[in-house]
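Only one structure is covered here, and it is reproduced in the block below.
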Amino acid sequence: MSGARCRRTRSDVPHVIAVTVTYGDRFDRLCRETIVRVLRAGVGRVVVDNGSSEASRAGLIALAAGDERILLVRNERNVGSARAFAAGLDVAKAQGPEFIWLLDDDNWVTADVLEKLLVVQQEEAGALGDPSVVVAARRVPNAFHERLSEGARVETVYPPAGAFLGFDLVTYTRRKLPFRRTAGAASRPRIPYAPYGGLLVRPAILDEVGSPLAELVLYSDDTVWTSQIAAAGHPIVLAAEAVIEDAEGKWTQETAQNSVGAAISSPHKDRLYLSTRNRIWYDASRVRSFSERLRYRVNRFVVMTVARISAVRNSSRAGFAVFKEAVEDGERQDLSRPVGLS
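Take a look at the structure:
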């Protein structure tokens, strides 16, 4: 076994600061356990109170007052994950850590996850010659990570340039074919983007790439930010051995990214607007060549047709109107519409 894989002594452990954003009434249900588990791993913590309820805020203040390892950043209202994580990253960076570890407030990590991420980072940084290699934990649930763990290749898992709302007709058709191609996929694949939760980054990344784009507010802000890291030349490596399970599912996984019809029928119109606009903003920004534009138009036609049919069947014309407006704003790269969050 290599020295890098040996268990580290306390003196060998890099200085790591974890950053978490929480909101609403999630402290007692989710966030408290997330904080406690990270502290057990010997990691300091920046917690961004992003418009929590009165009871949750009181709980956060009490917990932070009793442990000097917790730094509490307070927002009076929910300003969205992009701005909240940006604030937390700035505070964490000011502490001078070697690494910043981003976690959602429902990421109940096991004791060895961080050690596995650090080992992967050290090994991949040496192999690739880049000390700023970013490492992403394998998230459960996450459809992309699941397919990669089953042996699929990265290029067959992540939507290509020309996808619309993450949908690509060619990729979809290939997945439905009766045969399966076994893949000789890498055990630590390099991925084009990753969610915030479980991401291990060097603080220097913030100097080079900047913070998450505040105008995105919520949804796909992690996709955009991490894709910018990859575009800057720093690989994002998926550490399949470092698994983080979400204690609570994600709205976009349950609706917007899996079923346009379900998203349009959802009562959460602000969430529908943001998740659609931001993903289209990202997808449209990747289209450059003629073939990509053609692919985008075909995929757009398919998704919009499905959305219209679903709206008629489910009497969701109001939802379709919001969806259509979000698509148009995303394609114009217009992030100016104010959206309230609860």
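As numbered in this note's numbering, residues 25 to 366 make up the sequence shown, in order. Virtual Cβ for every residue (Gly too), placed ideally from N, Cα, C.
- prompt: Could you give the residue range of the beta strand (DSSP E) that holds residue 44?
  reply: 40–48
Beta bridge counterpart(s) of residue 76 as assigned by DSSP: 48
- prompt: Name the DSSP bridge partner or partners of residue 125?
  reply: 42 and 224
message: So, under 8 Å CB-CB, residue 262 and residue 127 are touching, yes? Tell me the CB distance rounded to an integer number of Å.
response: That belief does not hold up - the Cβ atoms of residue 262 and residue 127 are roughly 16 Å apart, past 8 Å.
field: Rounded C-alpha distance that separates residue 101 from residue 45
entry: 12 Å
Residue 95, DSSP secondary structure in three states: strand
- request: Check residue 262 in the structure and name its three-state DSSP category.
  value: strand
- request: Return the CA-CA distance between residue 158 and residue 287, expressed in angstroms with no decimal places.
  value: 32 Å
message: Quick check on the burial criterion: 16 or more other C-beta atoms within 10 angstroms. Buried or exposed for residue 333?
response: exposed
query: In whole angstroms, what separates the C-alpha of residue 266 from that of residue 83?
result: 30 Å
task: Have a look at residue 315 and residue 321 and give me their C-alpha separation to the nearest angstrom.
output: 10 Å
message: On the criterion of 16 or more Cβ atoms from any shown chain inside 10 Å, does residue 362 qualify as buried, or is it exposed?
response: exposed
message: Can you tell me which residues form a DSSP beta bridge with residue 355?
response: Answer by DSSP bridge pairing: none, since residue 355 is not bridged.
message: Tell me the DSSP secondary structure of residue 111 in three-state form.
response: helix
field: Buried or exposed (CB count within 10 angstroms, at least 16 for buried), residue 52
entry: exposed
- request: Over the uninterrupted beta strand (DSSP E) stretch that includes residue 161, give me the two end residues.
  value: 158–164
query: In the structure shown, what three-state DSSP assignment does residue 311 receive?
result: coil
message: Bridge partners for residue 68 per DSSP, in chain order?
response: 41
- request: Using only alpha-carbon positions, find the residue among 224, 142, 133 and 241 that is nearest to residue 360.
  value: 241
query: For residue 234, which of 109, 221 and 148 has the nearest alpha-carbon?
result: 109
- request: Could you pull the start and end residues of the alpha helix (DSSP H) that residue 169 belongs to?
  value: 167–173
query: How many Å lie between residue 355 and residue 305 at the Cα?
result: 6 Å
message: Between which residues of its own chain and residue 323 is the CB-CB distance below 7 Å, once the five residues before and five after are set aside?
response: 186, 187, 188, 191, 192 and 193
field: Pick from 148, 195 and 69 that is closest to residue 114, judged by C-alpha positions
entry: 69
Per-residue burial, residue 350 [other beta carbons within 10 Å of its own, 16 or more giving buried]: buried
- request: Confirm, please, whether the CB-CB distance from residue 222 to residue 163 is below 8 Å.
  value: yes
query: For residue 211, does the count of other Cβ atoms within 10 angstroms reach 16, so buried, or fall short, so exposed?
result: exposed
message: Please classify residue 119 as buried or exposed, where buried requires at least 16 other C-beta atoms within 10 Å of its C-beta.
response: exposed
- prompt: Just how far apart, CA to CA, sit residue 364 and residue 342?
  reply: 18 Å
task: For the alpha helix (DSSP H) containing residue 134, list its first residue and its last residue.
output: It is not in any alpha helix (DSSP H) - residue 134 carries neither H nor E in the DSSP assignment.
task: Report, in whole angstroms, the separation of the C-beta atoms of residue 59 and residue 95, which I expect to be a contact under 8 Å.
output: No, residue 59 and residue 95 are not in contact; Cβ-Cβ is about 11 Å, not under 8 Å.
query: On the three-state DSSP scale, how would you describe residue 284?
result: helix
- request: Look up residue 178 in the DSSP assignment and say whether it is helix, strand or coil.
  value: helix
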